[in-house]
Structure formats: C-alpha cells, structure tokens
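Working notes, structure below.
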Ligand SMILES: [Zn+2]
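In this note's numbering, the protein residues as written are -18 to 387.
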C-alpha cells in the first residue's frame, strides 16, 4: 500500500501540539545543510491552495518549509531530530492563526463578490504582509468597496459555523459550489453555514466571528481583472494601529483634528506650490541684477566685453539662463562655470564676436578632464578635475587676448 501522511490539520485546524513518529529523514536536495522529515501524521500545513506552509518544531528541530508530494507531507528542518518515536511537535500558532483568519476572510469576501456582482475569484495570494484576490470584474469603485465590506463584515458579526464536508460525487453535484473542485477524488468542501460552499484544502477557523474584521486596503486593475488587497483579523488591527499612529502624529504636527488631516495637507501642498512660484520669481529678478553687475564689471578688450565668473554650487540651468541673458548685450563674451562635485562650464558670445566658442571650449576643456561641445556662439560641458577650473578659465582668457582678438 502506498504510504501517505495523515493530515491532522484537516481533522482539527486548532491542533497546536501533537505527537508523531518519524518515518524517514533524508538530506534536502535544495540545500545540503537541511533535512527532510516525513512523519506518520502531521498538523503542519504544507504550502498549497494559496495558503503558506506552517512553521514550528519537530522535537528540537526547527521546521522551515513544508510541502506535499504524492500525498506525503515533507517537513524541511534545520537538523535531524534527536528522537524518532513519539516526538512532540508544535505549530507556530501565531503564524497559522493569522493565515486561518486571512483564508476564511478570503472565502467570505469572494462569496460576497459573487453574490453582489456575480463575479468570480480567479486568483488568491496570501503573502506574509498582504492578501490579494483577483476578481473577474471590469471596474470597481469606492461605493462598491463599501458595499462589499459591509456585507462581508455582517457575515463575521453573524458568527456563522464553518463546516468541512466530504461529499460523494453525487452529493457534490447537488451542492451550490462557488467554484468547481480541482480534484475528482476525496473532494473537500468548506461550508460557511449554508451561505458559501467552496472546495478547499486549507485551514479555517470554526466560526466566522474569528475573522474579526475584513478591510479592503486598495485595488487596482490587473490585466482584465481587479486585484483587491485586503487584511483580516490581527493584520487589520495592526494596519489600523500604524495608520492611527501616523495620523495622530501628522495632525498634532499640523494642529488639526484627525478628520481635518486631508484638508490641512491639501492646503500646505497648495501653499508650497505658491511659495515655489514666488521663489522662482525672486530668483529670476536676482539673476537679472547679477547679470547687470557682471556686465558692468566686465573686462574691456578693445570693443569687446569679457565676463569671467566661477560660481560655487549654482544650478547649471540658472548659469545657462545668465549666460544667454549676458550675450544679449552687444560684443560680449561670457565664460561662466559652476563648481560642485563636478565642474560645469558654459562659454558663449554675442553673434558679432569673432571668436568660435566651440573651438575655444575644445582647446581648454581637457584641463579639467572634461568633455562637451556646441557651436560658434555657445558651447558647454563638464569635467571632474574641479581643482583646475580656475586654470581653465585663465587659459581661455589668455587665448582670447593672444590668439582670437588681437
Ligand atoms: Zn479555504
């Protein structure tokens, strides 16, 4: 007869401790430092049906992963348990009960979606943080979300019985199943007291009240479905806790009541936009003064005015604006640079100046190990040898006097 593991979690989903015998211990193929233990019976739920596996202990060994293969349940452990008969095993109950709350919450939510909107659940993921279901529905809005939440939570308040049925093939065809079973033999149905019948191999609380609360967090379109993210029970409480703490801190910072938080933030956001606009206006007028001053103090080379200036940490975009404003003056050459982590240089001149800016730029830019280029009236680029930026500017100055304008 084929060996199979007796599934204690199907008989009693609340079994936290049990004694079992080891059938085999073998090295784990995926990781040579770990072992795979098979027991004659187990309360450890193996990964499957959207529900993650249980953790806990088999004797003194830690259970890290549990999976099912050909009706055998395999426990991946960190060491070989010392004993092999009558070993005390225990489930990490906090983890398991959380999964049970989320899982039954999913049954209830899927059932409500079917009853209210005639839509089916085509995907389910129970993660360590988030739970999602994919609903075969084209759109979803906040009114619908509210209606779903009200219905789902009423089922929790009604504290309905959750039963497990093992119907025969004939009996199955008479049950109002929410979805067809994926197996043909030994079909297991989870019933929420006449309200919902769903084929499922997972673990669930005995009564809907244990789910505590179902709260939809958000939703998004996912291919042709709607992906609903929700939390139940303790997860919902934790979600509420950190959000409540955050809203309390925010409203105390803003000195408003919690129901006024959104209005207050909207106001600040609006004010910030206005302030940014004002700052930009001031900056522009400041730059106009700077340009006038730079031009007034320019070197005179015959008929030409030469402006040379190195800024510290100014934005290259602002420097560019200044350069293009400067060369609106006639016969003007502007050699501007800004120094931060990198040095950035912009050479420009008004169009009647007989100096090719691109040529001049290319001649001196290697001095800061830089690159870049442009055309006869404007060239720009940058380099990383910032310490030699002054040398570069002096070299350009010298070339203009000695070679370009004689
Ligand atoms: Zn289930």
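Cβ coordinates follow ideal geometry from the N, Cα and C atoms, glycine included.
Since this is a predicted model, take the numbers as computed values, not measurements.
query, result
"Own chain residues within Cβ distance below 8 Å of residue 62, not counting five before or after", "3, 6, 18, 39, 40, 41, 42 and 68"
"Inter-residue Cα distance where the pair is residue 374 and residue 358", "17 Å"
"Closest residue to residue -10 among 175, 77, 64 and 274 (Cα-Cα distance)", "77"
"Burial state of residue 262 (16 or more Cβ within 10 Å)", "exposed"
"Short CB-CB distance (under 8 Å) between residue 329 and chain D", "The structure shown contains no chain D; it holds only a single protein chain."
"Start and end residues, alpha helix (DSSP H) containing residue 244", "242 to 277"
"Straight-line Cα distance separating residue 376 from residue 383", "10 Å"
"Alpha carbon of residue 353 to alpha carbon of residue 257, nearest angstrom", "32 Å"
"Sequence-distant residues of the same chain with beta carbon closer than 7 Å to residue 1, five excluded per side", "20, 21, 22, 23, 68 and 70"
"Residue 181 Cβ short of 7 Å to ligand 1 heavy atom set", "yes"
"Any non-hydrogen atom of ligand 1 closer than 7 Å to residue 106 Cβ", "no"
"CA-to-CA distance, residue 316 to residue 349, given in whole angstroms", "15 Å"
"Distance between beta carbons of residue 282 and residue 386, contact taken as under 8 Å", "5 Å"
"Simplified DSSP assignment, three categories, for residue 98", "helix"
"Spatial distance of residue -16 from residue 52 (CA atoms)", "8 Å"
"Cβ distance (whole Å) where residue 370 is taken to contact residue 324 below 8 Å", "4 Å"
"Rounded C-alpha distance that separates residue 117 from residue 100", "6 Å"
"Neighbour-count burial assignment, residue 119, 16 or more Cβ in a 10 Å radius", "exposed"
"Enclosing beta strand (DSSP E) for residue 200 [first to last residue]", "195 to 203"
"Length-filtered (3 minimum) beta strand (DSSP E) runs lying within the region 298 to 322", "313 to 320"
"Residue from 143, 184, 97 and 129 whose Cα sits closest to the Cα of residue 34", "184"
"Three-state secondary structure assigned by DSSP to residue 360", "strand"
"Cβ pair count under 8 Å reaching 3, the region 176 to 194 against the region 136 to 151", "yes"
"Residue nearest to residue 220 in terms of C-alpha spacing, selected from 194, 102, 201 and 242", "194"
"Short Cβ contact (8 Å threshold) for residue 331 with residue 312", "yes"
"C-alpha distance - residue 32 paired with residue 211, whole-angstrom precision", "15 Å"
"Residue 180 beta carbon less than 8 Å from that of residue 162", "yes"
"Extent of the continuous alpha helix (DSSP H) to which residue 44 belongs", "Residue 44 -> not in any alpha helix (DSSP H); beta strand (DSSP E) instead, spanning 42 to 50."
"Test item: CB-CB of residue 402 and residue 55 under 8 Å", "For the chain, the structure presents residues -18 to 387; residue 402 sits outside this window and is missing."
"Local conformation of residue 215 per DSSP, three classes", "helix"
"Collapsed DSSP secondary structure at residue 83 in the structure displayed", "helix"
"Close-in-space but distant-in-sequence residues of the same chain around residue 272 (CB under 6 Å, 5 per side omitted)", "303, 306 and 307"
"Opening and closing residue of the beta strand (DSSP E) in which residue 281 lies", "280 to 282"
"First through last residue of the beta strand (DSSP E) which encompasses residue 60", "Counting along the chain, residue 60 falls outside any beta strand (DSSP E), and DSSP gives it neither H nor E."
"Outcome for residue 147 when other beta-carbon atoms lying within 10 angstroms are tallied against a minimum of 16", "exposed"
"Contact test: residue 171 Cβ vs ligand 1 heavy atom, cutoff 7 Å", "yes"
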